[in-house]
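This report concerns only the one structure given below.
Numbering (the numbering used here), first residue to last: 14 to 392.
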């Protein structure tokens, strides 16, 4: 692609000689159509700026965003088909995320359509950022902050502690403020060259969000690990939930950290948007995957399940020696039973495989501190 700079009087050229230009009749006709008084102008034909590091990363980021949007569509469908008995506010929360993600996808399409189609060949596209870019930070924090608050609430419920949830809420609030501040800055200063002036808002937003994600991952892993029972089948389910928690939490933290680090270290490019544009979809999919992990694909075929993901189970304070509440476990699901390693406890687990089997497990501690476990099976 070539650009044209014109001043006055005679013709001269850069990147091609006058003889070569005269032979290029299509270019001459194009210039005459744009500049009727072409022969009285001094024209310099120059190469346009390289687009690979400006629009290339934006294109990759938008593609990742749209792929993840498809994943969120499937996850939302599974959720609404499976968990029709969930609390109404949780179902509305999922709907809220879906509406925001749909709008975010539309904004990202417009983000590319403006410079590559609507203003194709306009040199201002290399100077002024797309209008739809303004919506990116505000929509992202409108998704990420409620998701972080939701998980903080679950940590409080299953962990019976307020300290870590309060810290997570504080960091999520800081990230939200940083995202709003960045939106205001971009709306007033849309020139690409001035984006370096937003470092404070970018750091506040992305660093706080990454810190909250890491705390969520660590807190959930610790809380879930405490709920191991010593029963292999149950502990395996807890381990799978912990792995899911670590994977989803670390992905959002890694993308947020990569976004801010590349923004601060690689100047004059849009490489950070490869990590930035998919960020909101990662938060939505992480929450949906956690919600949907409570049951398997069998629910879509009408099979019932009575068990629950430990992340959404109620936490009850128990004294040593008290019986653990009953829990039901279906094949392939993730019900979790928690045993306290003190005193004498009994728990009944109902395992349904077409016939009714009641298994009573008694764990008691002898005087020398050794634990004994006995089982009473009833068919």
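All residues carry an ideal CB built from backbone N, CA and C; glycine is no exception.
Buried or exposed (CB count within 10 angstroms, at least 16 for buried), residue i
{"i": "residue 228", "result": "buried"}
{"i": "residue 222", "result": "buried"}
{"i": "residue 83", "result": "exposed"}
{"i": "residue 291", "result": "buried"}
{"i": "residue 233", "result": "buried"}
{"i": "residue 262", "result": "buried"}
{"i": "residue 243", "result": "exposed"}
{"i": "residue 85", "result": "buried"}
{"i": "residue 105", "result": "exposed"}
{"i": "residue 293", "result": "buried"}
{"i": "residue 111", "result": "buried"}
{"i": "residue 71", "result": "buried"}
Residue interval of the alpha helix (DSSP H) (run including residue i)
{"i": "residue 145", "result": "First-last for residue 145: undefined, no H or E at that position."}
{"i": "residue 303", "result": "292-305"}
{"i": "residue 236", "result": "212-238"}
{"i": "residue 114", "result": "101-126"}
{"i": "residue 70", "result": "68-95"}
{"i": "residue 133", "result": "Taken as a continuous stretch (DSSP letters only), residue 133 belongs to no alpha helix (DSSP H), as it is neither H nor E."}
{"i": "residue 288", "result": "286-289"}
{"i": "residue 65", "result": "Run containing residue 65: none; DSSP gives neither H nor E here."}
{"i": "residue 279", "result": "From DSSP, residue 279 is part of no alpha helix (DSSP H); its letter is neither H nor E."}
{"i": "residue 185", "result": "176-201"}
Close beta carbons around residue i, own chain, < 7 Å, minus the five adjacent residues each side
{"i": "residue 175", "result": "169"}
{"i": "residue 88", "result": "298, 301, 302 and 305"}
{"i": "residue 189", "result": "154 and 158"}
{"i": "residue 296", "result": "156, 157, 160 and 265"}
{"i": "residue 394", "result": "Residue coverage of the chain in this structure runs from 14 to 392, which leaves residue 394 outside it and unanswerable."}
{"i": "residue 127", "result": "143, 144 and 145"}
{"i": "residue 187", "result": "217 and 221"}
{"i": "residue 129", "result": "68"}
8 Å Cβ shell around residue i - same chain, five flanking residues per side excluded
{"i": "residue 204", "result": "140, 141 and 142"}
{"i": "residue 75", "result": "121, 122, 124, 125 and 290"}
{"i": "residue 394", "result": "It is not possible to answer for residue 394, since the shown part of the chain is limited to 14 through 392."}
{"i": "residue 255", "result": "233, 234, 237 and 238"}
{"i": "residue 279", "result": "285"}
{"i": "residue 131", "result": "none"}
{"i": "residue 166", "result": "178"}
Identity of the residue in the options nearest residue i by Cα
{"i": "residue 226", "options": "159, 129 and 279", "result": "159"}
{"i": "residue 282", "options": "209, 266 and 294", "result": "209"}
{"i": "residue 69", "options": "115, 288, 294 and 90", "result": "288"}
{"i": "residue 114", "options": "105, 180, 103 and 81", "result": "81"}
{"i": "residue 211", "options": "277, 238 and 116", "result": "277"}
{"i": "residue 177", "options": "231, 255, 138 and 134", "result": "231"}
{"i": "residue 79", "options": "93, 116, 94 and 103", "result": "116"}
{"i": "residue 134", "options": "110, 64 and 224", "result": "64"}
{"i": "residue 224", "options": "71, 269 and 96", "result": "269"}
{"i": "residue 77", "options": "108, 118 and 107", "result": "118"}
Spatial neighbours of residue i in its chain, beta-carbon cut-off 6 Å, leaving aside the 5 residues before and after
{"i": "residue 191", "result": "214, 217 and 218"}
{"i": "residue 150", "result": "192, 195 and 196"}
{"i": "residue 199", "result": "147"}
{"i": "residue 272", "result": "219, 285, 288 and 289"}
{"i": "residue 275", "result": "284 and 285"}
{"i": "residue 396", "result": "For residue 396 there is no data in the structure shown, the boundaries of the chain being 14 and 392."}
Within-8 Å CB hit, residue i to chain B
{"i": "residue 112", "result": "Here there is only one protein chain, and chain B is not present."}
Distance cut-off 7 Å: residue i Cβ against heavy atoms of the ligand GTP
{"i": "residue 173", "result": "With respect to the ligand GTP, the structure shown offers nothing to examine, as it has no ligands at all."}
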